[in-house]
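Here is the structure we will look at.
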Amino acid sequence: MSPLAKSITLFSCLVATAKAFPTAAARAINDTPSCPEPNSTARVYASELYTLFPGQPDLASPAVADFHVQYNNVTGLVIQQAAVFSNLPAEATGCYFGWAQDDAYTGILVAGGDGLLTGRQLSGFPDTTGGVSAAAVQPFDTAGADQEFETEFTSWDREIKGTYHVSGPGKITCAEEVYLILEKPRTTNGNVFLKRSQEAGLFLEYRC
Numbered sequence: 004m005s006p007l008a009k010s011i012t013l014f015s016c017l018v019a020t021a022k023a024f025p026t027a028a029a030r031a032i033n034d035t036p037s038c039p040e041p042n043s044t045a046r047v048y049a050s051e052l053y054t055l056f057p058g059q060p061d062l063a064s065p066a067v068a069d070f071h072v073q074y075n076n077v078t079g080l081v082i083q084q085a086a087v088f089s090n091l092p093a094e095a096t097g098c099y100f101g102w103a104q105d106d107a108y109t110g111i112l113v114a115g116g117d118g119l120l121t122g123r124q125l126s127g128f129p130d131t132t133g134g135v136s137a138a139a140v141q142p143f144d145t146a147g148a149d150q151e152f153e154t155e156f157t158s159w160d161r162e163i164k165g166t167y168h169v170s171g172p173g174k175i176t177c178a179e180e181v182y183l184i185l186e187k188p189r190t191t192n193g194n195v196f197l198k199r200s201q202e203a204g205l206f207l208e209y210r211c
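First residue of the sequence shown: 4, per this note's numbering; consecutive thereafter.
Here it is in structure tokens:
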């Protein structure tokens, strides 16, 4: 076999091997959450995000990878997102919301204007076939103001090193599937975008 033929054969084998094994990021996203060690916590990242447009309540959008919410009191633009967290252990307790950002050199976080967000737990979730709309989510958005939590993105897009943030426990009831809606308060203008990666994104932290 000529040297060229040997090189082609070796390259073909390497390509086949690469296709046979998922990347580290793919494995992390598909991992099934489990109970952590005693006195420790574990995280599960959002498995699905749906962008909602209350101004166009029947507009159904497919799941997206990245997080984006916005409110502008001049144009009236409102962008919410609904987040799905799947396969939590049945024994999970003490659930609370958090988010993680990458290093500025590798990730993307934009917090324009005021970055304060509010969130609340949904009582259920609509069928996702054909996408999800604000109107479809609305019947499940039954939590009162006293059940809302806040999370702050303001100025965190100026950081160089990656880090994470948590909202504190007490507002989210653990279940094997948890659904949240996140939005900007109508008292502030702002735009938040967080690109999903292996380490960055929205998560629930819990213990067993």
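Yeah, the Cβ is synthetic: ideal placement off N, Cα and C, and Gly gets one too.
**Asked** For threonine 54, is the classification buried or exposed, using 16 other Cβ atoms within 10 angstroms of its Cβ as the cut-off for buried?
**Response** Against the sequence shown, residue 54 aligns to sequence position 51. Threonine 54 comes out buried.
**Prompt:** Which residues in the same chain have their Cβ closer than 7 Å to the Cβ of glycine 115, if we skip the five residues on either side of it in sequence?
**Reply:** Translated into the one-based positions of the sequence shown, residue 115 becomes position 112. Once the five neighbours on either side are set aside, the close Cβ partners of glycine 115 are Gly193 and Asn194.
**Exposure of arginine 189, with buried meaning 16 or more beta-carbon neighbours within 10 Å** = Residue numbering aside, residue 189 sits at position 186 when the sequence shown is read from its first letter. So arginine 189 ends up on the exposed side.
**Asked** Would a C-beta distance cut-off of 8 Å place leucine 119 and aspartate 144 closer than the cut-off?
**Response** Within the sequence shown, residue 119 is the residue found at index 116, counting from 1. Within the sequence shown, residue 144 is the residue found at index 141, counting from 1. No, they are not a contact pair.
**Prompt:** Taking the C-alpha atoms as reference points, what is the distance between alanine 138 and alanine 93?
**Reply:** For the purposes of this step, residue 138 is taken as residue 135 along the sequence shown, with counting starting at 1. For the purposes of this step, residue 93 is taken as residue 90 along the sequence shown, with counting starting at 1. Looking at the two C-alpha atoms, the distance is approximately 30 Å.
**Item:** Cut-off 7 Å between Cβ atoms - residues of its own chain near glycine 133, not counting five sequence neighbours on either side
**Value:** For the purposes of this step, residue 133 is taken as residue 130 along the sequence shown, with counting starting at 1. Around glycine 133: Ala63.
**Asked** What is the rounded straight-line gap between the Cα of alanine 68 and the Cα of arginine 199?
**Response** Within the sequence shown, the letter at position 65 stands for residue 68. Within the sequence shown, the letter at position 196 stands for residue 199. Near 6 Å, if we compare the C-alpha coordinates of arginine 199 and alanine 68.
**Item:** Expected contact under 8 Å - CB spacing of tyrosine 182 and valine 81 to nearest Å
**Value:** The residue given as residue 182 occupies position 179 in the sequence shown. The residue given as residue 81 occupies position 78 in the sequence shown. Not really, about 19 Å apart at Cβ, beyond 8 Å.
**Prompt:** Per DSSP, arginine 189 forms a beta bridge with which residues?
**Reply:** Mapped onto the sequence shown, residue 189 falls at position 186. Arginine 189 is not bridged to any residue.
**Request:** With a cut-off of 8 Å on the beta carbons, I'd call phenylalanine 156 and arginine 46 a contact; round off their distance for me.
**Result:** Within the sequence shown, residue 156 is the residue found at index 153, counting from 1. Within the sequence shown, residue 46 is the residue found at index 43, counting from 1. About 18 Å; that fails the 8 Å criterion.
**Item:** Within the region 137 to 196, ranges of the alpha helix (DSSP H) (whole runs, at least 4 residues)
**Value:** 137 to 140
**Request:** Express the C-alpha separation of tyrosine 209 and threonine 166 in angstroms, rounding to a whole number.
**Result:** Locating residue 166 in the sequence shown gives position 163, where the first residue counts as 1. Locating residue 209 in the sequence shown gives position 206, where the first residue counts as 1. One C-alpha to the other measures close to 18 Å.
**Item:** Run of the beta strand (DSSP E) containing arginine 123, from where it starts to where it stops
**Value:** Along the sequence shown, one-based indexing puts residue 123 at 120. It spans 119 to 124 - the beta strand (DSSP E) in which arginine 123 sits, taken as one unbroken run.
**Prompt:** Do you know how far the Cα of glycine 204 is from the Cα of proline 25?
**Reply:** Here residue 25 refers to the residue found at position 22 of the sequence shown. Here residue 204 refers to the residue found at position 201 of the sequence shown. For proline 25, the pLDDT reaches just 29, beneath the cut-off of 50, and the residue's location in the model is therefore unreliable, although a value from the coordinates is still provided. Their Cα atoms are separated by approximately 20 Å.
**Prompt:** Taking glycine 147 as the reference, which of Val169, Pro129 and Thr121 has the closest Cα?
**Reply:** As a working mapping, residue 147 is identified with position 144 in the sequence shown. The option with the nearest alpha carbon to glycine 147 is Thr121.
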